[in-house]
Amino acid sequence: MLLPMPFPGPFDYAAPAEMALQPGDIVTVPLGHRRQTGVVWDATSSLPPEFAPPPQRTVDAAKLRPVAERLELPPLTAELRRFVDWVAAYTLSAPGMVLAMTLRLHMRGVPTPSTGWLAAFPQPDGLRLTPARQKVLTLLADGTARTTTDLATTAGVGPGVVKGLADAGALTPVPLGPERAFAAPDPFHNLPVLEGAQAEATDALRQTVAEGRFSVTLLEGVTGSGKTEIYLEAIAACLEQGKQALVLLPEIALSAQWMERFTRRFGTQPAIWHSEVGQRARRLTWHGTADGSATVVVGARSALFLPFKNLGLIIVDEEHEALFKQEEGVIYSARDMAVVRARLAGFPIVLVSATPSLESLANVEAGRYRHLVLPSRHGGAALPETRILDMRDHPPPRGLFLSPALTEELTATFERKEQAMLFLNRRGYAPLTLCRACGHRMECPHCTAWLVEHRNRKILSCHFCDHTEPMPEACPSCGAEQSLTPIGPGIERITEEARHLFPDARILVMASDTLGGPAATAEAVGKISRREVDLVIGTQIVAKGWHFPHLTLVGIVDADLGLGGGDLRAGERTIQLLHQVAGRAGRASTPGRVLLQSYTPEHPVMQALLSGDFDAFMTQEAEQRRPGFWPPYGRLAALIVSADTAVAADDAAAALGRVAPYGDGIQVLGPAPAPMAILRGRHRRRLLLRTRKSIAVQPILRRWLGLVKLERQVRVDVDIDPVSFL
Ligand code: ADP
Ligand code: ZN
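Be aware that the sequence shown starts at -18, since it is given in the numbering used here, and climbs by one per residue.
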C-alpha cells in the first residue's frame, strides 16, 4: 500500500478477501488514529537495479491492520504506478510524495452537478464596479464558467462579492457537471493546408503517431514556421487512433491565443490543467483523464501526473524552458520525466522549440532523438533584421536607458502606424536602491537579495520571498533625507522614460505582476492584435509564442542581462530568451527589425543573435562543455543544505563534504555558500556532484546521504540535473 506521504516506501496491510483488491485500486486504510487514502502497490521490478530503493522489511502477517474501504474510483494503471516509482527513484524522493502529485485532487470523488457563473452579456447598466467585483469579472473574461467558491478563491475575494454580482444581474448561471465537461475535439473539424517542409514534417509525425511506439522527436523551427500548426496534426492523428493526448506548455496561464488556435482546428476547447482554473475544474479533468472522456489535456508541468486511461502522445512545447523544472517538493524536470513516461508506456513524444536545449540536441546527435526541422517562416514572412547597438558608441542620455538610435527607430515605427515592443526582463522600477550619503543598500531582511522598488505601489519588495516594505523617506542607516536613489532600470522605469519620449503613444505594460492572470493577459493580447496599442513594454511574458501581426520593431533594453553570474547555461538561456523575444517582430507581411542594446557586442551570444546562426552557437557551447563533462556530456546533482543558523548549515555541509564520494569520473565541488546564501531566513550551502555520463548519481547519493546523521533543523534537498544554481 503506497500512501501519499513522505515515507520511504509502501506499507503492508491485510487485504480483506471480499474486497478482491487489485494493484492500482484506490483505498482508505487506518494510519494511527486516522484514515488515509492509499493505492494498492505492487513490486517495483521495472526499475534499473541502481535506482531501486532499499528492500522493505516484512511484517508479521498476523499483526497487519486491514484495508478499511475500496473507493469507487478507476484504479491507477500499471503504467502510472511504474512511472511514480521511476520518478521517485530518479529524483531520490519518497514515492508517496510522487504519488501525492497524481492523487492530489481525486479525493472527494467526481464533483456533483452544480451551478457555475459566466459574465452576463451585456453587463447591466449602472453596475457598481468595486475592485473586488472587477477581479471576478476579469477572471470570467476567459469564458470558463466557475462555481462561486472557485471564483471567490481564485479572485481572492469573499463569496459575497460573487453573490452580489449575481444579484445585480452581472452573472449568468450555467449548469456545471461532468456530463458537459469535455466535448470531444474533432480531428477532422478544420484541416490546415500544408505544403513543402510543413507537409513533410506533418507526414513524418502522423506516421510516428500511427506506429504508436516509443520514440522522441525534436521538432525545431524558427519562430513563426508553423510548429504549433504541425503538432496539432500529430494530436489529430492520436485522436484518430482513439487515444488521449497531453500538451505541456511552460506557462499555461498565458495561453489564450493557443486555446483559440486549438479551438479553430478541433472545434472545441481541450481540458485545461493549471492552478487558476479552480479546484472543481481540475477535479473534473482528473476524472476525465481517468475515464478517458478528456481526450486532449493542455497543462502545466503537473499535468504529467494525471491518471490518463489511454495516453498515446505527449507534446512538450518550448522544451528548452527552465519553467519545466519544478524546484520545490519533488524536484523534477517535466520535460525529462515526460520522456520517461512515454518510454515506460510505449508511445511517442514530441519536443518542440525554436531554440532547442543542448540536452535535446545532444540526444539528436547521439541518434536517440529524431530531428524534424522547419527552415523558414510560414507564408514567406522574413525573419527580422537584427542590429546590435553598441551602447559605448550610442550611450543613452544621462540617467536614462534608451539609446537615441533606438528612440529614432521607435519614432519611425510609430510614424508608419506600426507597433513596437521594448523588452526588459526585470519587474519593478529599479533593482537596487542606494543611499547617496552613506552607500547603504536596501536589502531583504530574509534573503541575500536587494529589494526592488515598485514605484507604482510605493514599496520595496523582495523577488525571492514575500517581504515588502513601504519606500522609506530617509535612509534607514544614516538618516539622510531624500538620499535614496534608484540604480538601474526595471520596466516601470523604462515605461516612465517612454511616456516622456512619446507622450502620444498608447503604451501597454505586460509583466506577471501587472497582469492579473490569464484573463487579463488575454485582454492585453487582444488589445495588441486590434491595434489599440502602439508600444508594448514587457518582461519575459512578452517572449511567449504570441502572434502579433502588426508588430515590426523589438527593442531589447539590456541584452547583456542574464550573461553574468556563474550559471552553466547563462549563454544558452540568454540566446533562447532573446531569440524568442526577437521572434515577435515581423510575423506577418511587413518585415521586422530587432535592436539589441549591449555593452558587450563582441560576446558570442550577441554575435549569434546577429547572424541568426543558432546551430553554430550551440556547437561552440557543446565544445565548451564536453571536455569538463558538464551536462549534457556528464551528470550533475546538487545538494542544497539549509538550516536556521549559519553554524548549523556550515556544520552539516562540512560533514557531508568530509565523506564526499570520490573515484574515477566522480567529483564533488563544494561545500560553498549558495549564491542565495540566505533565502526566506534559511541559511544555505551547496555541494555539487559531477560524474561521467556512464555513472548514475542516484546510488552514489544514497550511500553518501546515508553516511551523515543530520540535526533535525537541517534539511538537504537533492536536485538531480539542476538547472538553477541559486
Ligand atoms: P511557430 O509555432 O513555429 O511559432 P505557428 O504554428 O505559430 O509557428 O505559425 C505561425 C503563424 O503562421 C500562425 O499564425 C499560424 O496560424 C500560421 N500558419 C503556419 N502554418 C500555416 C499553414 N500551413 N496554413 C495557414 N497558416 C499557417
Ligand atoms: Zn526576501
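Ideal placement from N, C-alpha and C gives every residue a C-beta, glycine not left out. As the structure is a prediction and not an experimental result, all values here were calculated from the model.
### Message
Could you tell me the alpha carbon to alpha carbon distance between Gly19 and Leu265, rounded to whole angstroms?
### Response
Going from the Cα of Gly19 to the Cα of Leu265 covers about 20 angstroms.
### Task
Check the C-beta distance from Val709 over to Ala303 and give it rounded, since I have them as a contact under 8 angstroms.
Limits of the chain in this structure are -18 at one end and 707 at the other, which puts residue 709 out of reach.
### Message
Three Cβ pairs or more, each shorter than 8 angstroms: is that satisfied between the region 382 to 390 and the region 568 to 584?
### Response
As far as the Cβ criterion goes, the region 382 to 390 touches the region 568 to 584, which means the pair count is three or higher.
### Query
Taking one C-beta from the region 245 to 263 and one from the region 302 to 316 each time, how about it: are there three or more such pairs within less than 8 angstroms?
The answer is no - the region 302 to 316 does not touch the region 245 to 263, with fewer than three Cβ pairs under 8 angstroms.
### Message
Short of 8 angstroms in beta carbon distance, which residues of its chain neighbour Arg726, apart from the five on each side in sequence? Order them along the chain.
### Response
Nothing in the structure corresponds to residue 726, since the chain is present only between -18 and 707.
#### Entry: the region 331 to 350 / the region 195 to 203 touching (three or more Cβ pairs under 8 angstroms)
Flag = yes, the region 331 to 350 and the region 195 to 203 touch.
### Query
From Ala100, Gly552 and Asp106, pick the residue whose C-alpha is nearest to that of Gly124; which is it?
Of the listed residues, the one whose Cα sits closest to Gly124 is Ala100.
### Message
Short of 6 angstroms in beta carbon distance, which residues of its chain neighbour Ile676, apart from the five on each side in sequence? Order them along the chain.
### Response
Gly646, listed in sequence order.
### Query
Relative to the C-alpha of Pro654, which residue among Trp527, Ala217, Arg665 and Thr600 is closest?
Of the candidates Trp527, Ala217, Arg665 and Thr600, the one whose C-alpha sits nearest the C-alpha of Pro654 is Arg665.
#### Entry: Residues of its chain near Arg161, where Cβ-Cβ distance is below 8 angstroms and the 5 sequence neighbours each way are ignored
Its pLDDT being 47, under 50, Arg161 is placed unreliably by the model, and the measurement read from it follows with that caveat. There are no such residues.
### Task
For Gln521, I'd like the list of residues in its chain whose CB is within less than 7 angstroms of its CB, leaving aside the five on either flank, ordered along the chain.
Hits under 7 angstroms: Asn406 and Leu558.
### Message
By DSSP's criteria, Met402 is part of a beta bridge. Which residues make up the other side?
### Response
BP columns for Met402 point to Val517 and Val535.
### Proximity below 8 angstroms, CB of Met423 to CB of Lys439
A distance of 8 angstroms or more separates the beta carbons of Met423 and Lys439.
### Message
Suppose you measure from the CA of Gly543 to the CA of Gly552; what does that come to, to the nearest Å?
### Response
Taking the straight line from one Cα to the other gives about 8 angstroms.
### Message
Looking at the secondary structure, which residues open and close the alpha helix (DSSP H) in which Thr135 lies?
### Response
Residues Thr129 to Ala136.
### Task
Check the DSSP bridge columns for Thr672 and list the partner residues they point to.
Thr672 is bridged to Arg616 and Ile647.
### Query
For the candidate residues Val622, Ala635 and Leu707, whose alpha-carbon lies nearest to that of Gly547?
Cα-wise, what sits closest to Gly547 is Leu707.
### Query
Whose C-beta lies closer than 8 angstroms to the C-beta of Arg693 among residues of the same chain, with five residues either side of it excluded?
Closer than 8 angstroms at the Cβ level, and outside the excluded window around Arg693, lies no residue.
### Message
I'd like to confirm something about Ser206: is its beta-carbon nearer than 7 angstroms to some heavy atom of the ligand ADP, or not?
### Response
Yes, since a heavy atom of the ligand ADP falls inside the 7 angstroms radius drawn around the Cβ of Ser206.
### Query
Just how far apart, CA to CA, sit Leu670 and Gly615?
The alpha-carbon atoms of Leu670 and Gly615 are separated by roughly 10 angstroms.
### Query
Between Pro140 and Ala326, what straight-line distance do the alpha-carbon atoms span, to the nearest angstrom?
Approximately 43 angstroms, taken between the alpha carbons.
### Task
Give the range of the beta strand (DSSP E) segment to which Met491 is assigned.
Where Met491 is concerned, the enclosing beta strand (DSSP E) stretches over Ile488 to Met491.
### Query
For the ligand ZN, which residues count as neighbours when the test is a C-beta closer than 6 angstroms to any heavy atom?
The set of residues whose C-beta lies within less than 6 angstroms of a heavy atom of the ligand ZN reads, in chain order, Cys425, His427, Cys428, Ala430, Cys443, Phe445, Cys446 and His448.
### Query
Considering only the beta carbon of each residue, do Leu57 and Thr96 sit closer than 8 angstroms?
No. Outside cutoff.
### Nearest residue (CA-CA) to Leu698, options Arg663, Phe598, Thr672 and Ala147
Checking the displayed sequence, the identity of residue 698 turns out to be Asp instead of Leu. Closest by alpha carbon: Arg663.
### Query
Who pairs with Gln660 in a beta bridge, going by DSSP?
Correcting the residue type first, residue 660 is Leu in the shown sequence and not Gln. Beta-bridge analysis with DSSP links Leu660 to Arg663.
### Query
Apart from the five residues just before and just after Asp317, which ones in its own chain have a Cβ nearer than 6 angstroms to its Cβ?
There are no such residues.
### Query
Regarding Leu175 and the ligand ADP, is the C-beta to nearest heavy atom distance less than 7 angstroms?
Leu175: yes, Cβ under 7 angstroms from the ligand ADP.
### Task
Determine the direct distance from the alpha carbon of Arg51 to that of Asp702, and round the result to whole angstroms.
Between the alpha carbons of Asp702 and Arg51 lies a distance of about 38 angstroms.
### Task
Kindly provide the ranges of any beta strand (DSSP E) runs that are 3 or more residues long and lie completely inside the region 186 to 273, ordered along the chain.
Qualifying beta strand (DSSP E) stretches, in chain order: 196 to 202, 225 to 229 and 252 to 254.
### Message
Below 7 angstroms, is the gap between the Cβ of Gly573 and the nearest heavy atom of the ligand ADP?
### Response
No.
### Task
Report yes if the C-beta distance between Pro105 and Gly145 is below 8 angstroms; otherwise report no.
Not a contact, by the Cβ cut-off of 8 angstroms.
### Task
Indicate whether Ile296 and Val333 have their beta-carbon atoms separated by less than 8 angstroms.
In this structure, Ile296 sits near Val333, with a CB-CB distance shorter than 8 angstroms.
### Query
Do you know whose CA, among Ala70, Pro(-11) and Ala237, lies nearest Ala501's CA?
Looking from the CA of Ala501, the closest CA among Ala70, Pro(-11) and Ala237 belongs to Ala237.
### Query
Within 10 angstroms of its Cβ, does Leu496 collect 16 or more other Cβ (buried), or is it exposed?
Only buried fits Leu496, as 16 or more other CB atoms lie within 10 angstroms of its CB.
### Message
When you compare the region 391 to 399 with the region 412 to 421, are there three or more beta-carbon pairs, one atom per stretch, that lie closer than 8 angstroms?
### Response
Flag = no, the region 391 to 399 and the region 412 to 421 do not touch.
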